[in-house]
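To convert, take the position in the sequence shown, counting from 1, and add 262; that gives our numbering.
Note that the Cβ used here is the ideal one computed from N, Cα and C, for glycine as well.
Predicted model only: the values in this text are computed from it and were never measured.
The next block holds one structure in the form of structure tokens; read it before the comments.
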Amino acid sequence: MSGRKFPASVRMRIRSDIREVFSQGSYRPLGPIGAKYIRTSHQESRFLVTVKKAVGHAPFRNRIKRILREGLRHHRDQFSIPHDVCLMVTRTPKFSLKFGYVSGLIRQLAEDLNPQPNRVKPSLQNA
263 MSGRKFPASV RMRIRSDIRE VFSQGSYRPL GPIGAKYIRT SHQESRFLVT
313 VKKAVGHAPF RNRIKRILRE GLRHHRDQFS IPHDVCLMVT RTPKFSLKFG
363 YVSGLIRQLA EDLNPQPNRV KPSLQNA
């Protein structure tokens with residue numbers, strides 16, 4: 263269970279790093295969540311979770327952030343190539359975000375950001 267922590271070392275805190283992700287990073291929509299990301303030279307991926315103030319009331323926003331952080335805690339080791347990743351919610355979701363759903367989205371993002379091994383297509387010459 264020690265690998266499933268979300269320590270301060272994997273959180274993006276430096277303003278210049280955050281600006282770099284937003285200005286130069288790529289965007290990927292994940293349903294109600296948006297992800298901006300950029301490759302980094304750090305040892306491991308770093309994450310930022312943000313929810314706009316227009317999204318519900320404070321307890322609702324806090325619940326969303328808690329679910330996002332929990333999903334990152336479970337799947338951050340799947341980001342094999344270090345990236346700076348910002349997960350953001352800019353509009354109120356049309357349905358309640360559940361951990362299983364968010365966890366699947368984060369797992370999909372990790373798979374998309376990792377290089378896929380070259381798959382060899384079966385040869386048709388022997389057929």
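| Query | Result |
| --- | --- |
| C-beta atoms of L367 and L292 nearer than 7 Å | yes |
| Whole-number beta carbon distance between Y299 and V283, since they are thought to touch under 8 Å | 7 Å |
| Environment of H337 [buried if 16+ CB atoms lie within 10 Å] | buried |
| Backbone CA spacing between S391 and R323 [nearest angstrom] | Residue 391 is absent from the structure shown; the chain starts at 263 and stops at 389. |
| Span of the beta strand (DSSP E), counted from its first residue to its last, around S288 | 288-292 |
| Cβ neighbour criterion (16 or more within 10 Å) applied to H319 | exposed |
| Straight-line Cα distance separating V364 from K327 | 11 Å |
| Whether V347 touches R331 by CB criterion (7 Å) | no |
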